[in-house]
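A.B. asks:
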Amino acid sequence: MPAPGRDRRDSRWDEHRRARREQLVDATLAAVHRHGAGVGMDEIAAEAGTSKTVVYRHFADRSELHVAVCARVAGHLTAKLREAMTSSTEPRQMVAAAVDTYLAFLEADPELYRFVVHGPPADADPIGSLSHLVGDQAAALVAVALEQAGRDPAAAQPWGHGLVGLVRSAADWWLRAERPMPRGDLAAHLTALAWAGLSGVVTRKEDQ
Numbered sequence: 001m002p003a004p005g006r007d008r009r010d011s012r013w014d015e016h017r018r019a020r021r022e023q024l025v026d027a028t029l030a031a032v033h034r035h036g037a038g039v040g041m042d043e044i045a046a047e048a049g050t051s052k053t054v055v056y057r058h059f060a061d062r063s064e065l066h067v068a069v070c071a072r073v074a075g076h077l078t079a080k081l082r083e084a085m086t087s088s089t090e091p092r093q094m095v096a097a098a099v100d101t102y103l104a105f106l107e108a109d110p111e112l113y114r115f116v117v118h119g120p121p122a123d124a125d126p127i128g129s130l131s132h133l134v135g136d137q138a139a140a141l142v143a144v145a146l147e148q149a150g151r152d153p154a155a156a157q158p159w160g161h162g163l164v165g166l167v168r169s170a171a172d173w174w175l176r177a178e179r180p181m182p183r184g185d186l187a188a189h190l191t192a193l194a195w196a197g198l199s200g201v202v203t204r205k206e207d208q
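All residue numbers for the sequence shown refer to the UniProt record's numbering, where the first residue is 1 and numbers rise by one.
1. Report all residues from its chain with a CB closer than 8 Å to the CB of residue 227; omit the five preceding and five following residues, and keep chain order.
2. What would DSSP say about Gln208, mapped onto helix, strand or coil?
3. Quick one, which of Ala145, Leu186 and Gly135 has its alpha-carbon nearest Ser88's?
4. Mind pulling the alpha helix (DSSP H) runs of 4 or more residues that sit fully within the UniProt domain "HTH tetR-type" (18-77)?
5. Give the straight-line distance between the Cα atoms of Val95 and Pro180, rounded to the nearest whole angstrom.
6. Have a look at Ala177, Leu133, Leu65 and Glu22 and flag the residue whose alpha-carbon is nearest the alpha-carbon of Pro110.
7. Please state if the CB of Glu47 and the CB of Ala71 are separated by a distance shorter than 8 Å.
8. With a threshold of 16 other CB atoms inside 10 Å of the CB of Val55, please say whether the residue is buried or exposed.
9. Just the C-alpha distance for Leu103 and Gly49, rounded to the nearest angstrom, thanks.
10. Do the stretch 73-88 and the stretch 158-178 meet, that is, are 3 or more Cβ pairs less than 8 Å apart?
11. In chain order, what residues of the same chain lie with their CB nearer than 7 Å to the CB of Pro126, ignoring the 5 residues before and after it?
12. Ala192 to Ala19, Cα distance in whole Å?
13. Ends of the alpha helix (DSSP H) at Arg179?
14. Please report the straight-line C-alpha distance between Ala154 and Val142, rounded to a whole angstrom.
15. Please report the straight-line C-alpha distance between His35 and Ala171, rounded to a whole angstrom.
16. Tell me the rounded alpha-carbon separation between Gly38 and Ala149.
17. Might you give, ordered along the chain, the residues of its own chain that have their beta carbon closer than 7 Å to the beta carbon of Gln157, omitting 5 neighbours on each side?
18. Can you give me the start and stop residues for the alpha helix (DSSP H) that Glu147 sits inside?
19. Just to confirm my understanding: we take Trp195, look at its own chain, exclude 5 residues before and 5 after, and list those with CB closer than 6 Å. What are they?
20. Looking at C-alpha atoms only, which residue of Leu175, Leu77, Ala187 and Glu43 is the closest neighbour of Gly135?
21. Can you tell me whether Gly40 is buried or exposed? The criterion is at least 16 other CB atoms within 10 Å of its CB, across all chains shown.
Have a look at this one:
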């Protein structure tokens, strides 16, 4: 049997590493809020009250830290998306709620949005990106809607990710253009476009 004392020490050290990584993610979020999406590692380390050398003990590089930040933000956003989409049993209202929730996230903190969506280097792990994580969540919800409609859920992945791509592209334009229309109007336009495609496949065949 492994020595219990050693196991406990290893466990405590693992917990310390996890806690320190979470603290560094917190510091990164604070640094983005203070300095904007182009924040550098020096600013992040200063916000954490440490040095870049210490940051790199816990994250191999900026890309790995970015993935951890994306996962944190995506966890909050997907929880809000689930809450929004389960607030109604009417599919169109579910889509509308999800679109508005995504846009509300962008509007509330544009610099954080820019950081998590546009910040990772090309060699970052793609599953760590916000769009991929939200796309997976959207695909899971589309799959449920398809199953409830008695349809094959095989297309849920491309449709879910496609829906996120639609909203993200329009949201990026909206942000670059200095929000030329109210969020509610943009959400309504995107909901109408998305629903024009989804309505034919997430309703029961006998109801068409």
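Each residue gets a CB set at the ideal place from its N, CA and C atoms; glycine is no exception.
C.D. replies: In short, the structure shows the following:
1. The first residue shown for the chain is 1 and the last is 208, placing residue 227 beyond what the model contains.
2. No answer about Gln208 holds up, because its pLDDT of 45 lies below 50 and its placement is not dependable.
3. Ala145
4. 41-48 and 52-58
5. 23 Å
6. Ala177
7. no
8. buried
9. 33 Å
10. no
11. Confidence is the limiting factor: at Pro126 the pLDDT is only 49, short of 50, which leaves the residue's position unreliable, though a coordinate-based value still follows. Counting only Cβ-Cβ distances below 7 Å, and skipping sequence neighbours, we find His132.
12. 44 Å
13. Neither: Arg179 is in no alpha helix (DSSP H) and is coded neither H nor E.
14. 10 Å
15. 22 Å
16. 45 Å
17. Ala139
18. Leu130 to Gln148
19. Arg92 and Val95
20. Leu77
21. exposed
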